[in-house]
Amino acid sequence: MNVKTRKDSRAMRHTRVRAKISGSAVCPRLSIMISNRHMYVQLIDDAAAVTLASAQSLTEGNPTVATAQGVGRQLGEKAKAKGLTRFVVDRGGYRFHGRVKAIVDGVLEMGLTNLKEAK
Numbered sequence: 001m002n003v004k005t006r007k008d009s010r011a012m013r014h015t016r017v018r019a020k021i022s023g024s025a026v027c028p029r030l031s032i033m034i035s036n037r038h039m040y041v042q043l044i045d046d047a048a049a050v051t052l053a054s055a056q057s058l059t060e061g062n063p064t065v066a067t068a069q070g071v072g073r074q075l076g077e078k079a080k081a082k083g084l085t086r087f088v089v090d091r092g093g094y095r096f097h098g099r100v101k102a103i104v105d106g107v108l109e110m111g112l113t114n115l116k117e118a119k
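Residue numbers are given in the numbering used here: position 63 of the sequence shown equals residue 63, and the series is strictly consecutive.
What follows is the structure in structure tokens.
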């Protein structure tokens with residue numbers, strides 16, 4: 001019997017999501033990675049294979065929803081400084097709730113637009 005772990009299932013979901021979306025210089029991909037202790041967020045231009053902006057929770061403390069929203073705001077500030085206004089979310093195989101949703105909400109608070117919501 002082939003038993004899948006939670007890690008394997010998340011990797012499969014992430015592969016499916018990545019097959020459907022990609023980022024560009026105008027509308028980069030918001031990549032989210034959450035470990036047990038920290039959160040890492042990047043805006044990526046897949047066409048040029050370049051990270052345009054990044055933020056992480058290494059100095060924030062516990063990985064709570066409030067910390068996630070702070071990381072999102074931090075990334076939003078960096079993105080606005082570089083002149084970015086839109087993004088598309090790559091949730092990394094995670095469910096869109098809790099910390100993942102808080103990160104996206106933090107970026108949206110800084111004035112950026114989610115491409116999915118813009119349609």
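The C-beta atom is built at its ideal place from N, Cα and C for all residues, glycine as well.
- Per DSSP, residue 54 is not a residue of any alpha helix (DSSP H); the beta strand (DSSP E) it occupies stretches across 50-56.
- Counting of Cβ neighbours within 10 angstroms places residue 70 among the buried residues, the total reaching 16 or more.
- Assigned with DSSP and collapsed to three states, residue 8 falls in helix.
- Annotation: the continuous alpha helix (DSSP H) that includes residue 99 extends over 99-109.
- Excluding the 5 residues flanking it on each side, residue 11 has same chain C-beta neighbours closer than 8 Å at 93, in chain order.
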